Amino acid sequence: MTREDIIKPENLVYKKPTLLNDNTMHYCPGCSHGVVHKLIAEVIEEMGMEEKAVGVSPVGCAVFMYNYLDIDCQEAAHGRAPAVATAIKRLWPDRLVFTYQGDGDLACIGTAETIHALNRGENITIIFINNAIYGMTGGQMAPTTLVGMKTATCPYGRDVKIHGYPLHMTEIAATLEGTAYVTRQSVETVAAIRKAKKAIRKAFENSMAGKGSNLVEIVSTCNSGWKMSPVAANKWMEEHMFPYYPLGDLKDKE
Amino acid sequence: MATIKGAIVVDTERCKGCGLCVVACPVKIISLAQKEVNKKGYPFAMQTEDKCIGCASCAIVCPDGCISVYKTKI
């Protein structure tokens, strides 16, 4: 059997989701953002919400999300995506509203908006990409940077005496009354990607069912910011990030 | 027992040569091009042997969605 016999439309088992359009993504090679974009596109397609999904992307690498996902998108000021999403969801209750925020945006600049939107139990989903660094601006220290981790603004490593401790936003969110589903996932292996997809689907379904706010943290890599190859960055994440940010569901209100 | 044959098609112009598919492949038949690059200068991924099982691991981990997977029984 030749290659041409296998490559036929009826034998297709996996391809790029149609909601992810043909624009080449500006993300660095091996960036976790691409995988998460793909998962969001797949989940929205499977739910049949193409016409009703609204994404809110604030400042960060994912600011150009509207270029890659074929859904309605709204940009927000730095950190203010949950506030914008609140307004959209309240005005259009039948829309699937989600925000897509990085750790610098969600855990630092937009801490207030994030915590209050979650606490109010707004029926939105927050996708939180945690790569322990400000990736877009050149790898500065973020609130989630690990202790001892070297970044552009802490070249000798994060020192708790000067910079304090890494912030566990997902654990904080799990203690809030308004949240329905709080989970931490990763996207470095096939099994982890499948789990993350299920988590995103569940969060989206919860928000459409009006159960409360949902937070899906994805522990990610920033291989350019960490100055590693994509494969080495995944390994480093498994060794150093997972002990500090353990994966799994933190809260699941049935 | 029916054998399963698979094949992958890589969108070489979209590929950025990150190498995550090379590691994810359980039968180790993907490698980055050695002497060729695409228009943007990245060495793209390609299938080097005929042993593909069509598991789609490479396509699932690909951050840019460059890989389409085909599978058939013979």
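Quick note, the sequences are listed as chains V and G, same order.
Sequence positions in the first sequence follow the working numbering and run 9 to 262.
Sequence positions in the second sequence follow the working numbering and run -14 to 59.
Ideal placement from N, C-alpha and C gives every residue a C-beta, glycine not left out.
These figures come from a predicted structure and were not determined experimentally.
By the C-beta criterion, the segment 42 to 49 of chain G is judged to be in contact with the segment -3 to 4 of chain G, since at least 3 inter-stretch pairs fall below 8 Å. Sequence-distant Cβ neighbours of T122(V) in its own chain, meaning closer than 6 Å and more than five residues away, are P90 and L114. By the rule that beta-carbons nearer than 9 Å mark a contact, I201(V) touches chain G. Secondary structure of D102(V) (DSSP, three-state): coil.
The Cβ atoms of C51(G) and C10(G) do not sit closer than 9 Å to each other. Segment contact: the segment 97 to 104 of chain V against the segment 64 to 76 of chain V, fewer than three CB-CB distances shorter than 8 Å; contact not assigned. Excluding the 5 residues flanking it on each side, M55(V) has no same chain C-beta neighbour closer than 6 Å. Any Cβ of chain V closer than 9 Å to the Cβ of I52(G) would place that residue at the interface, and such an atom is present.
Under a 10 Å Cβ-count criterion, D35(G) is classified as exposed, with fewer than 16 other Cβ atoms of the shown protein chains found around its own Cβ. For M31(G), no alpha helix (DSSP H) encloses it; the enclosing beta strand (DSSP E) starts and ends at A30 to Q32.
When Cβ pairs closer than 8 Å are counted between the two stretches, the segment 242 to 256 of chain V is seen not to touch the segment -10 to -1 of chain G, the count staying below three. The beta carbon of N127(V) is closer than 6 Å to those of L184 and G186 in its chain, skipping five residues each way along the sequence. DSSP lists T159(V) as the bridge partner or partners of C162(V). The C-beta of I135(V) has 16 or more other C-beta atoms within 10 Å across all chains shown, which makes the residue buried. Straight across, the Cα-Cα distance linking V7(G) with H124(V) is about 43 Å. Short of 7 Å from the beta carbon of K219(V), and not among the five residues preceding or following it, lie these beta carbons of its own chain, in chain order: A188 and K261. By DSSP's assignment, D260(V) forms a beta bridge with Y189(V). Around the beta-carbon of L28(V), 16 or more other beta-carbon atoms lie within 10 Å, marking it buried. Sequence-distant partners of I14(G) (beyond 5 residues in either direction) whose C-beta falls short of 7 Å from its own C-beta, in its chain, are Q32, T33, E34, K36 and C37. For S42(G), a Cβ of chain V is located within less than 9 Å of the residue's own Cβ. Put simply, the backbone Cα of P163(V) is about 8 Å away from that of M157(V). Closer than 8 Å at the C-beta level to chain G, one finds these residues of the segment 237 to 258 of chain V: S237, P238, V239 and N242.
By the Cβ rule, the segment 144 to 153 of chain V does not count as touching the segment 75 to 89 of chain V, because fewer than three pairs are nearer than 8 Å.
Taking 4 residues as the shortest admissible run, the segment 116 to 175 of chain V contains the following complete alpha helix (DSSP H) segments, listed from N- to C-terminal end: 119 to 128 and 168 to 171. Against chain V, the beta carbon of L5(G) has neighbours under 7 Å at G38, P238 and V239, listed in chain order.
The straight-line gap separating the alpha-carbon atoms of E179(V) and S237(V) is approximately 30 Å. Its Cα nearest to that of I132(V), the residue V105(V) stands out among V105(V), P151(V) and A120(V). The continuous stretches of alpha helix (DSSP H) do not include I14(G), and DSSP gives it neither H nor E. Among the residues facing chain V, G(-9)(G) is included, as its CB has a counterpart in that chain under 9 Å away. Note on geometry: alpha-carbon atoms of S215(V) and A207(V) lie some 12 Å from one another.
At least 9 Å separates the CB of E58(V) from every CB of chain G. Under the rule that a run must span 4 or more residues, the alpha helix (DSSP H) segments found entirely inside the segment 44 to 117 of chain V read 73 to 76 and 89 to 99.
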